[in-house]
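Reading through the structure tokens given below for one structure.
2 protein chains.
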Amino acid sequence: MRAEVLKGHVDLLLLAVLADEPAHGYRIVELLRERSNDVLDLAEGTVYPALYRLERQGVVTSSWSTVEGRRRRVYRLTRRGVRELAERRRAWEDFTGAVRAVLS
Amino acid sequence: MRAEVLKGHVDLLLLAVLADEPAHGYRIVELLRERSNDVLDLAEGTVYPALYRLERQGVVTSSWSTVEGRRRRVYRLTRRGVRELAERRRAWEDFTGAVRAVLS
DNA sequence: CTTGACGCCTAGTTTTGCTAGGTATAGCCT
DNA sequence: AGGCTATACCTAGCAAAACTAGGCGTCAAG
């Protein structure tokens with residue numbers, strides 16, 4: 205998977221995962237890998253900064269927890285995050301629809 | 205259309221257009237707008253540098269022509285370009301399939 | 001006690017699309 | 001004649017974002 209094809213779509217993926225369940229960064233990477241059959245294998249250096257962006261934008265919030273001696277920062281969607289996800293889903297449909305029209 | 209969602213996909217679009225007919229840069233922008241119902245409206249500053257990239261990579265070639273007093277640089281796919289397009293189509297399918305799996 | 005999995009963080013690099021200008025020709029309107 | 005729009009190309013500099021390549025610390029298994 206070339207790196208650039210992901211650009212502009214990582215936020216959508218993170219929001220979609222968090223819509224189903226709150227999760228910490230490392231877990232989000234796992235979930236994306238699982239759900240995509242190993243196609244989406246995001247670097248941690250991609251995910252953590254992206255989560256900060258999303259938190260700064262107010263679409264997710266985070267809280268620390270400790271499980272078996274390991275610190276986790278768990279993220280969950282805010283109400284604005286739910287709206288944002290819906291909007292990004294629409295944008296995704298528009299985009300892929302347009303590309304499909306060109307490719308066909 | 206947010207700018208970043210296009211990143212990594214412009215080459216696919218250009219190759220797809222050129223697969224149907226050789227075209228010059230300005231015309232490619234028009235064709236993308238038409239085929240996508242105005243969703244894809246690429247800046248010239250996006251398209252021209254992208255075409256140079258593609259030519260440098262050997263997937264398109266260009267030749268000058270003059271029509272009604274105006275210079276045009278017409279691009280067409282090379283054999284390698286045809287292969288590259290096929291590969292990028294596959295990559296596109298993989299990518300959108302993976303995202304769909306996450307979104308569903 | 002070393003290795004690997006878990007878990008987080010970040011400075012710097014690279015790629016790439018866009019902005020905002022520039023140049024030039026042709027045709028139409030006033 | 002002058003100005004405006006469409007056609008057509010070019011490019012320096014900017015900005016966004018994903019990745020590289022490291023770092024830190026905990027825990028369980030060998």
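Read top to bottom, the protein sequences are chains A and B.
Per the numbering used here, the very first residue in the first sequence carries number 205; after that it's consecutive.
Per the numbering used here, the very first residue in the second sequence carries number 205; after that it's consecutive.
Note that beta-carbon positions come from the ideal geometry of N, C-alpha and C, so glycine has one too.
If you reduce the DSSP assignment to three classes, tell me which class A:V233 lands in.
helix
Using a Cβ-Cβ cut-off of less than 8 Å, give me the residues of the segment 236–255 of chain A that come near chain B, in sequence order.
Of all residues in the segment 236–255 of chain A, only L236, R239, S240, N241, V243 and L244 place a beta-carbon less than 8 Å from a beta-carbon of chain B.
Select from B:A227, B:L210, B:P253 and B:A223 the residue whose C-alpha is nearest the C-alpha of B:V286.
The candidate whose alpha carbon is nearest that of B:V286 is B:A223.
Who are the near neighbours of A:V221 in its chain, counting only those whose CB is closer than 6 Å to its CB and skipping five residues on each side?
I232 and L235
Who are the neighbours of A:A145 on chain B, taking C-beta pairs under 7 Å?
Only positions 205 to 308 of chain A appear in this structure, which leaves residue 145 of chain A out of reach.
Ignoring anything shorter than 4 residues or poking outside the segment 240–266 of chain B, list the alpha helix (DSSP H) runs there in chain order.
248–260
Grab the span of the alpha helix (DSSP H) containing A:L307 for me, first residue to last.
R283 to L307
When the Cα atoms are used, what is the spatial distance from A:F299 to A:G229?
A:F299 and A:G229: Cα-Cα distance of roughly 27 Å.
If distances are taken between C-alpha atoms only, which option among A:L246, A:A227 and A:V214 comes closest to A:R280?
A:A227
Among residues of its own chain, excluding the 5 on either side of A:E288, which ones have a beta-carbon nearer than 6 Å to its beta-carbon?
V263
Tell me, please, whether the CB atom of B:D298 is closer than 7 Å to any CB atom in chain A?
yes
Close-in-space but distant-in-sequence residues of the same chain around B:T309 (CB under 8 Å, 5 per side omitted):
Given a span of 205 to 308 for chain B in the structure shown, any question on residue 309 of chain B remains unanswerable.
Give me the residue from B:E225, B:A207 and B:D215 with the minimum Cα distance to B:L255.
B:D215
Is the beta carbon of A:V303 closer than 7 Å to that of B:G212?
no
Within 7 Å, strictly: CB atoms of B:S240 and A:A305:
yes
Beta-carbon separation (whole angstroms), B:R292 vs B:L219, contact threshold 8 Å
6 Å
Chain-order list of residues whose beta-carbon lies under 8 Å from that of A:W296 (same chain, five-residue window excluded):
H213 and L216
Using a C-beta to C-beta distance shorter than 7 Å, which residues of chain B count as neighbours of A:E234?
Under the 7 Å cutoff, chain B gives no residues; its nearest Cβ is about 12 Å from A:E234.
Where the alpha helix (DSSP H) through B:V221 begins and ends:
V214 to D224
How many whole angstroms separate the CB atoms of B:R309 and B:W268, which I take to be in contact at a CB cut-off of 8 Å?
Missing from the structure shown is residue 309 of chain B; chain B here goes from 205 to 308 and no further.
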